[in-house]
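So the sequence lines, in the order shown, correspond to chains A and B. Okay, so the first sequence: first residue is 92 according to this note's numbering, each after it adds one. Okay, so the second sequence: first residue is 92 according to this note's numbering, each after it adds one. For each residue, glycine too, the CB sits at the ideal point set by N, CA and C. Note that the structure is predicted; figures quoted are calculated from it, not measured.
Protein chains: 2
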Amino acid sequence: MGVSGVPSPNKLLAALPPEIYERLQPHLDLVPLELGASVYEAGGKQPYVYFPADSIVSLLYVMKDGASAEIAVVGNEGLVGIALFMGGETTPSRAVVQSAGDAFRLSSKIMKQEFEYGGPLLHLLLRYTQALITQMAQTAVCNRHHSVEQQLCRWLLLSADRLPTNELTMTQELIANMLGVRREGVTEAAGKLQEAGLIHYSRGRITIVNRLKLEKRVCECYAVVKKEFDRLLPDQIAI
Amino acid sequence: MGVSGVPSPNKLLAALPPEIYERLQPHLDLVPLELGASVYEAGGKQPYVYFPADSIVSLLYVMKDGASAEIAVVGNEGLVGIALFMGGETTPSRAVVQSAGDAFRLSSKIMKQEFEYGGPLLHLLLRYTQALITQMAQTAVCNRHHSVEQQLCRWLLLSADRLPTNELTMTQELIANMLGVRREGVTEAAGKLQEAGLIHYSRGRITIVNRLKLEKRVCECYAVVKKEFDRLLPDQIAI
DNA sequence: AACGCTCTGTGCGCTACCGAACGGTCGGGA
DNA sequence: TCCCGACCGTTCGGTAGCGCACAGAGCGTT
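What follows is the structure, encoded as structure tokens:
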């Protein structure tokens, strides 16, 4: 819940035409997502899809040897569970709560029904999916070419964009898991960023102090993704 | 064209119900794609979509400094131009011909019309898109965690799967561009693979000598992607 | 036959990141 | 108040990949 006591809206839901939203509304449940909880397991069927309100969910691939890497991140701009309407039902990656908060839960059955109707909801979800695809593509590029520090900046900005506050609860260990690097690498990079006055952190609590400077230090990947999200999903959407 | 003189079929087109295929057929043109040609530029509108027959197209992101990385690869199992029906029209990445050959070209207008009808074609294209998403995700993971040699194996297998022969025309320089690594890195990795009798190459011509051994040396990423394609797009498709 | 271009091989110093180990510090619970 | 566990900092040797520079090798051209 936001400070107002009203849940932060989910932008996708908010962008739906009123009559569709009203049809879905009775089936939407606001549920809490706890830090570290698994929303979906790799290869598992999905009884629900989730529209994060003030929570953030990471799409994470975990390899056989336990190493992991974040594929993409979903906040109040999107939904978790695109495989449902894309037709595959499952995916090889997990969905893990990266920042605790609430999400609107909708039964897969209802979601699929509405999608099959076609029309605005279908087009909205597909545009969101394309934005997500861009994020994945850019993650691949970033993984190939950019330093841990740059990737950390990107990750912090992506997270901050999806939160109502500029403070995130996240240990360096967990960030390392998301980025698929060593915990020490994060310690070092985060140390530099704190040194430079961009962030402040202590014991699993990170505050973004100077967002502008952070945006100057990040690689181009962040802007590419953000621009594409803005293009595909403008805030005041006209379908 | 294949040896028979008949173009190698595109699997997506082949999977369409006959009446839909017949509707599209008059609008399909078999066109040659030349090595290195750009099918789409980043951010550019798309007058056509392409269903590769015996050609291969790479989705490539090129950064401001000129460095590049392959996002995914499209052969006769898919189509180039998903952004058209996903709603965004454009993407931030380029599409470059990685292996010369033919492709069926279809006007974007017709494609979009058919997609909007809904039904089997829509579902088929969305399932393909999900498979493509898996490939991108796995590329991100592979870029993070695996050696140049492993990635080269993955790349060779992905290419071989999409070609009628086991010989590919491709300089090490170009492979390096796709993988986003140095040319020398490819030279070294390819040297090891040749040493071990898995491949043979000379002056821009690579032959896969022992596919089984190649599959033993590749990282898990290849199998994950292949399995997902087979699951989502079985050869004898029943929509 | 000689040239020239493209492609491949190799060597060298450099840096970022890894793996492992360990010490310090903060904060909450008994 | 003390202690323990979670979190963070640091160090050190090892290595994969980078950037650069140049040397050979194959192949077509004139």
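From the options, residue whose alpha carbon lies closest to that of residue i
i, options, result
"A:K200", "A:P325, A:Y141, A:M261", "A:Y141"
"B:V188", "B:E132, B:K317, B:E286, B:A314", "B:E132"
"B:L115", "B:Q285, B:A280, B:F195", "B:F195"
"B:G166", "B:W246, B:R294, B:R308, B:E306", "B:W246"
"A:R294", "A:G276, A:L305, A:L259", "A:L259"
"A:L223", "A:K283, A:E279, A:L248, A:L324", "A:L324"
"A:E180", "A:C310, A:L270, A:M202", "A:M202"
"A:L124", "A:K307, A:A186, A:G288, A:G178", "A:A186"
"A:I147", "A:G134, A:A163, A:S159, A:V153", "A:A163"
"B:E275", "B:Q263, B:M269, B:E286", "B:Q263"
"B:A287", "B:K304, B:G271, B:R296", "B:K304"
"A:G271", "A:R296, A:Y208, A:M154", "A:M154"
Within-8 Å CB hit, residue i to chain B
i, result
"A:E264", "no"
"A:L107", "no"
"A:A191", "no"
"A:G282", "no"
"A:N101", "no"
"A:M269", "no"
"A:L323", "yes"
"A:E279", "no"
"A:Y152", "yes"
"A:R333", "The requested residue 333 of chain A does not occur in the structure, where chain A is confined to residues 92 to 330."
Status (buried if at least 16 other CB within 10 Å, exposed otherwise) for residue i
i, result
"A:Q229", "buried"
"A:D145", "buried"
"A:Y139", "buried"
"A:T182", "buried"
"B:T256", "exposed"
"A:G96", "Only weak support is given to the placement of A:G96: the predicted model assigns it a pLDDT of 47, under 50, and the value that follows is read from those uncertain coordinates. Per the 10 Å Cβ criterion, exposed."
"A:D193", "buried"
"B:L107", "buried"
"A:L249", "buried"
"A:V122", "exposed"
"A:P143", "buried"
"B:A343", "The requested residue 343 of chain B does not occur in the structure, where chain B is confined to residues 92 to 330."
"A:K102", "buried"
"B:G134", "exposed"
Any chain A beta carbon closer than 8 Å to residue i
i, result
"B:I162", "yes"
"B:K155", "yes"
"B:L57", "Only positions 92 to 330 of chain B appear in the structure, and residue 57 of chain B is not among them; the question remains open."
"B:Y131", "no"
"B:M331", "Residue 331 of chain B falls outside the range modelled here, since chain B spans only 92 to 330, and no answer is possible."
"B:P183", "yes"
"B:Q204", "no"
"B:N257", "no"
Inter-residue Cα distance where the pair is residue i and residue j
i, j, result
"A:C233", "A:C312", "7 Å"
"A:D156", "A:P211", "42 Å"
"B:P117", "B:S149", "27 Å"
"A:L175", "A:K136", "9 Å"
"A:I130", "A:E240", "A small fix is needed here, since residue 130 of chain A is Val in this sequence, not Ile. If you take the alpha carbons of A:V130 and A:E240, they lie about 28 Å apart."
"B:L243", "B:I290", "11 Å"
"A:N301", "A:I173", "34 Å"
"B:Y292", "B:L170", "29 Å"
"A:L151", "B:A128", "35 Å"
"B:L284", "A:R273", "30 Å"
"B:T220", "A:R218", "13 Å"
"A:T278", "A:L215", "39 Å"
"B:A191", "A:D120", "52 Å"
"B:S238", "B:R322", "27 Å"
"B:T298", "B:G282", "13 Å"
"A:S159", "A:M261", "17 Å"
"A:F331", "A:T225", "With chain A represented from 92 up to 330, any question about residue 331 of chain A goes unanswered, as that position is not in the structure."
"A:L111", "B:E205", "Checking the sequence shown, residue 111 of chain A turns out to be Ile, not Leu. Answer to the nearest angstrom: the Cα atoms are 25 Å apart."
"A:A314", "A:E306", "9 Å"
"B:R253", "B:H236", "25 Å"
"B:E168", "B:L197", "16 Å"
"A:N268", "B:P109", "48 Å"
"B:R296", "B:V309", "21 Å"
"A:K354", "A:E207", "The question about residue 354 of chain A has no answer, for chain A in this structure spans 92 to 330."
"B:G178", "B:G209", "14 Å"
DSSP beta-bridge partners of residue i
i, result
"B:A332", "Lying outside 92 to 330, the shown extent of chain B, residue 332 of chain B is not represented and no answer is given."
"A:D193", "A:P123"
"A:E258", "A:T298"
"A:P143", "A:A194"
"A:L151", "A:E161, A:R185"
"A:Y292", "A:I297"
"A:V130", "Beta-bridge pairing links A:V130 to no other residue."
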